[in-house]
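Asker: Residue numbers 13 to 604, in this note's numbering, belong to the letters of the sequence shown in order.
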Amino acid sequence: MCGIVGAVGKINIRKFLIDGLFSLDYRGYDSAGVAFLNDKNKLTIKKVVGRVEYLDKKVPEIVDAKLGIGHTRWATHGVPSIKNSHPQVSMRKYFCIVHNGVIENYRALKTKLLENGFKFESDTDTEVVANLLEYNYLNCNDILEAIRMSIEEIKGSFAIAVIFKDDSSKIYFMKRRSPLCIGLCEEARLIGSDVVPMINFTNSFLDLRDDEYGFVSKSEVHIFKGYDEVKHDIINQNIELLHKDLDGYPNYMLKEIEETPDVIKRLIDNYFDGESFLFDKKMIEAIRKADDIIFLGCGTSYHAALSGVRNMNYLGKRSEAYIASEWAYFPTFTSKKPLYILISQSGETADLLRCQQIINDRGSVNIAITNTKGSTLDRESTFTCLLFAGLEVAVASTKAFSAQVAFLSLLTGAIEDRNNVVEHLRDLNRSLTKIISRKEEIESVAKKIEDGNMLFFIGRGQDYDAAQEASLKMKEITYLHCEAFPGGELKHGPIAVVDSNTRLIAFSSSMSTDLPIRNNVTEIESRGAKTFIVTFDSLAKDGDSFVIPNVKSHLSIIPMVFVSQYLAYFVALHKGVDIDKPRNLAKSVTVE
C-alpha cells in the first residue's frame with residue numbers, strides 16, 4: 013500500500029527510482045511518480061495514473077539529477093489522478109514530498125493553512141503536509157526545525173521523503189507508524205518503504221523509529237527525535253528474492269500456489285533438525301505458562317490464526333482469535349498472564365502494529381509470525397518466528413497462508429513435544445503435489461461456478477475456517493460476490509437469497525460433520541442452486557466434485573484452501589482480470 017524510494021549520491025538515480033518502484037509494485041498502487049533535483053536546483057516531476065511501466069516510458073533515459081524520490085500511490089484521499097498522485101509540492105514549491113500514511117487531522121491543518129493564504133491544487137492530505145512544512149519553514153527559516161514543528165502538529169501515520177528546492181545534496185525524511193528505512197552504500201544513501209528496492213545495492217540498513225526525522229546525503233545520515241540526534245545500529249540483512257523469474261508461469265499467483273510444498277519443506281528444515289524442534293526454548297516455555305493465548309491477524313492471516321486457536325484448544329490452552337482492526341479499538345484482557353501471537357505476512361500491517369503497541373505498553377509477551385525479517389512487527393516483538401516463504405508478489409496471499417498454518421502446527425508439536433507432526437506435514441506435501449498434478453480437474457469445476465452471480469462456501473468446524481479463506485480469495489481476484497457461512501447457519505437467513513444463479517461449494521473433512529454438510533447441500537440444491545463438494549478420500553461419495561488425498565485432520569484446512577486457491581485462480585483467468593494485481597487491493601496494508 014504505497015511505496016517510497018529515494019536516492020542521493022553516486023548512483024544512477026533514474027534507474028534506482030524506476031527499478032525500485034517496479035520492485036514495490038506488489039504493495040498495490042493506482043498511480044506513480046518521481047521527482048529529480050539537479051545541481052542547479054532544477055526540480056523535474058513526472059507522474060502517471062496506472063502502472064510504473066507508463067512512468068518508465070515517460071521519464072527520459074538520461075536524467076540530470078543529484079537526487080530523486082519516487083512513489084507508488086494507493087488512493088486514500090482523492091481519486092487516482094495526475095493532480096493527486098505523488099510527488100506533491102508546496103504552494104511556493106519550496107518542498108516536494110512523497111508520503112505513505114494517513115494524516116488524521118488534515119482538515120484542521122488545511123483550514124489553518126487556508127487562513128494563512130495557502131492554496132491547494134490536489135485533494136490529498138499529502139499536499140497539506142507539503143504546505144505545512146513550507147508554512148513552518150517560512151516562520152523559522154530552518155528545514156529541520158520546520159520538520160520537527162510539523163511532526164508535533166500532525167496526527168496520524170506517515171513515512172515521508174522530502175526534497176528542499178535549494179539543496180541538491182540532501183533528502184529529508186520523517187516517520188511515524190508507517191515503515192521507512194535507509195540503505196547505506198559506499199557513496200550513496202537510499203530510502204525505501206522496505207529493503208526490497210535496495211537489496212541489489214546494499215545489505216546494510218537503518219530502520220527508522222516513530223517520530224524520527226532527519227536527512228541523508230551521499231555519505232551521511234543524521235537522525236533526530238525531538239531536539240536530540242539519535243544513533244541506530246546498522247542492520248545487515250540479506251534477503252532471498254524468489255520472485256525475480258516467473259520460471260515459465262503466466263503469473264505470480266499460480267507460481268506461488270505451486271511453491272507451497274517447497275515452502276512447507278523449508279519450514280520443516282528451519283524448525284526441525286531431524287530429532288528435535290529448533291524453537292526458542294524461552295518462547296515455548298512462555299506459551300506453556302501463559303493463562304491464555306490470543307491470536308491477532310487481518311484477512312488471510314486472521315484465517316490462519318483460527319487454525320492456531322484450534323491447535324491451542326486441543327492442547328487445553330484457552331485461546332481466541334481476533335481481527336486486529338477490531339481488537340485495536342476494543343481490546344480484551346481476560347487474564348493476568350496472556351500471551352499474544354501476531355500474524356502478518358509483511359510484518360507492516362498497520363492495524364496489527366497498533367495492537368502490538370497496546371500489548372507492549374501493557375508489558376505482555378508477544379510473538380510475531382511473519383515472512384519479513386527486520387519488519388516493524390519483528391523488531392517490536394518479544395519473540396519472532398519467520399516463515400521462510402520467500403517474497404510473495406501476487407496481492408492475493410497463497411503460499412504464505414499455507415506457511416502460517418503449517419508453522420502453527422509445528423509450534424503445537426514443539427509445545428506438546430510431539431515430533432510426529434513433522435511426518436504429518438510431509439504427508440501433507442505429498443497430498444499437495446498430487447493436487448497440483450490434477451489442477452485441470454479443479455479448472456473444470458471453476459468453469460461450472462464462474463457463471464453464477466452469488467457464491468457460497470460452507471463448512472463446519474475447521475472446514476468453516478477454510479470456507480472463510482476460500483471466500484476471501486474468490487472475492488479478491490474474481491470480483492464475484494462471495495460469502496462464507498457455517499453450514500448450520502444457512503437456514504438462519506442466507507438461504508433466503510438462494511436461487512438458480514447461486515453456486516455453493518461445501519467443504520467436508522470430518523466424519524462427524526459430513527452428513528450435516530451433505531444435508532445442507534441437498535437443501536440448497538432443492539432451491540435450484542448448483543452445488544459442489546470438496547472432501548477427502550475417506551469421506552468420498554459418487555458425484556463429489558473434487559476428492560483430496562487424506563491428510564491428518566488438524567492439517568485439512570491447508571489442502572482445502574489450496575484447492576480453493578486454484579478455483580479462484582481459474583475463475584479469474586477465465587474472466588480475464590488482472591490476477592496478480594486485483595483492483596483496489598494492496599499487498600501490504602500499511603495504513604489503517
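Backbone N, C-alpha and C fix where the C-beta goes; we use that ideal spot for every residue, glycine too.
1. Going by beta carbon distance, what residues of the same chain come within less than 6 Å of residue 586, once the five residues before and after it are set aside?
2. Given a cut-off of 8 Å, decide if residue 545 and residue 580 are closer than it, judged by their beta-carbon atoms.
3. Beta carbon of residue 311, beta carbon of residue 355: below 8 Å?
4. Hey, could you find the ends of the alpha helix (DSSP H) residue 265 is sitting in?
5. Determine, using beta carbons only, whether residue 264 and residue 37 come nearer to each other than 8 Å.
6. May I ask you to report which of helix, strand or coil DSSP gives residue 357?
7. To the nearest angstrom, how far is the alpha carbon of residue 538 from that of residue 576?
8. Rounded to whole angstroms, what is the Cα-Cα separation between residue 367 and residue 400?
9. By alpha-carbon positions, which one of 116, 142, 446 and 28 ends up nearest to residue 73?
10. Can you look up residue 240 in the DSSP assignment and give me helix, strand or coil?
11. Out of 211, 151, 531 and 101, which has the shortest C-alpha to C-alpha gap to residue 136?
12. Which term fits residue 83, buried or exposed, when burial requires 16 or more other beta carbons within 10 angstroms of its beta carbon?
13. Have a look at residue 409 and residue 504 and give me their C-alpha separation to the nearest angstrom.
14. Classify residue 486 as helix, strand or coil using the three-state DSSP reduction.
15. Give the DSSP-derived three-state secondary structure of residue 100 in the structure shown.
16. In whole angstroms, what separates the C-alpha of residue 255 from that of residue 452?
17. By Cβ distance, which residues of its chain are closer than 6 Å to residue 261, with the 5 residues on each side in sequence left out?
18. If I follow the unbroken alpha helix (DSSP H) through residue 225, where does it start and stop?
19. Hey, residue 44 and residue 33 are a contact pair by Cβ (cut 8 Å); roughly how many whole angstroms apart?
20. Using three-state DSSP, classify residue 588 as helix, strand or coil.
21. Pairs of beta-carbons, one from the stretch 268–286 and one from the stretch 346–360, closer than 8 Å: are there three or more?
22. Three-state secondary structure (DSSP) at residue 138?
23. Is it the case that the stretch 485–494 contacts the stretch 523–536, given that we only count it when at least three CB pairs across the two stretches are under 8 Å?
24. Could you check what DSSP says for residue 331 in three-state terms: helix, strand or coil?
Answerer: On the basis of the supplied data:
1. Only 462 meet the Cβ criterion.
2. It is not a contact, given that the beta carbons lie outside the stated cut-off.
3. no
4. In the DSSP assignment, residue 265 falls within the unbroken alpha helix (DSSP H) covering 264–270.
5. Contact: no.
6. coil
7. 24 Å
8. 24 Å
9. 28
10. The answer is strand: DSSP assigns residue 240 an E or B state.
11. 101
12. buried
13. So the two alpha carbons sit approximately 31 Å from each other.
14. In the structure shown, residue 486 adopts helical secondary structure according to DSSP, grouped into three states.
15. strand
16. With a pLDDT of only 48 at residue 255, under 50, the local geometry of the prediction cannot be trusted, and the value read off the model is given with reservation. Approximately 24 Å between the Cα atoms of the pair.
17. 267
18. Note, residue 225: premise wrong, no alpha helix (DSSP H); beta strand (DSSP E) at 224–228.
19. 6 Å between Cβ atoms; contact.
20. coil
21. No: fewer than three Cβ pairs fall under 8 Å.
22. Annotated three-state conformation of residue 138 is helix, per DSSP.
23. Segments in contact, no.
24. strand
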